[in-house]
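A short worksheet on the structure shown next.
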């Protein structure tokens, strides 16, 4: 039997198949990179600096008057209703599944809030003031997390400049979310004041500790006890002991026990 006659077509077929497979993989990777770059250019970059500025400005200037905040575009209502939410809704094709889920959760909560108001159920509508605000916080947090992934893929040089700042803003907004949840707040003004970030060791913990803290934070977790534990451990890392004790005392009732070892615990 002449094996050349048998193997020649077979080897040719294998070569064609391998070439087609490599071409497909290369094309898929190129399309993925192209889409990822479009996400950065059209979805992330237009508002990322505004989001970071909003968090940084309010964290460092918690008692600033509304007129000044309005002038710089740092007003809470303006930020969410005119910048963040319309930008996400207008660019759903660039959103990942978590961001779409966060937006859907916000809209569902707003619907229930409106329903309870229309039915005169004020005791429920007040709770949904807090839930609506918390959904907005979660949405911003997920946007920052998504931004981090996209920057790492597309803008490595720029990423070195931005990633540490984004990590810090994620941590700040996580703390704000815990405060809102625990204190049942319906606006961010009191949360910024309670946070008093100027007393925090803003840059001392460093990248590793910030990352360790945020590994414990699950934005969709609805447990108030979980938020309390996260807040206590995070504040213990970000603040000096005396400041951490004062901070937690302003959040919790005097009857709550605050253990000093929790304040100083280093989250590994």
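In the numbering used here, the protein residues as written are 382 to 649.
For glycine and all other residues, C-beta sits at the position ideal for the given N, C-alpha and C.
What does the Cβ neighbour count give for residue i, buried or exposed, with the cut at 16 atoms within 10 Å?
i           : result
residue 630 : exposed
residue 589 : exposed
residue 622 : exposed
residue 555 : buried
residue 632 : buried
residue 458 : exposed
residue 553 : buried
residue 405 : Low confidence applies here, because residue 405 scores a pLDDT of 49, under 50, leaving its location unreliable; read the following figure in that light. Result: exposed.
For residue i and residue j, what's the separation of their Cα atoms in angstroms?
i           : j           : result
residue 624 : residue 413 : 47 Å
residue 592 : residue 607 : 18 Å
residue 613 : residue 415 : 42 Å
residue 619 : residue 597 : 15 Å
residue 428 : residue 533 : 17 Å
residue 480 : residue 626 : 35 Å
residue 616 : residue 551 : 14 Å
residue 558 : residue 519 : 8 Å
residue 492 : residue 467 : 17 Å
residue 436 : residue 465 : 13 Å
residue 545 : residue 522 : 15 Å
In the structure shown, what three-state DSSP assignment does residue i receive?
i           : result
residue 598 : coil
residue 638 : Confidence in residue 638 is poor, its pLDDT being 49 and thus under 50, which makes the residue's placement unreliable; the coordinate value appears in the next sentence. In the structure shown, residue 638 sits in coil (DSSP, three-state: anything other than H, G, I, E or B).
Here's a check: name, in chain order, each residue in its chain whose Cβ is nearer than 6 Å to the Cβ of residue i, leaving out the five neighbours to either side.
i           : result
residue 425 : 528, 531
residue 516 : 486, 487, 490
residue 420 : 475, 531
By Cβ distance below 8 Å, which residues in the same chain neighbour residue i in space, the five residues on each side in sequence not counted?
i           : result
residue 574 : 443, 444
residue 461 : 517
In chain order, what residues of the same chain lie with their CB nearer than 7 Å to the CB of residue i, ignoring the 5 residues before and after it?
i           : result
residue 565 : 511
residue 535 : 417, 418, 421
How about residue i: is its C-beta nearer than 8 Å to some C-beta of chain D?
i           : result
residue 528 : Among the chains in the structure shown there is no chain D, since it carries only a single protein chain.
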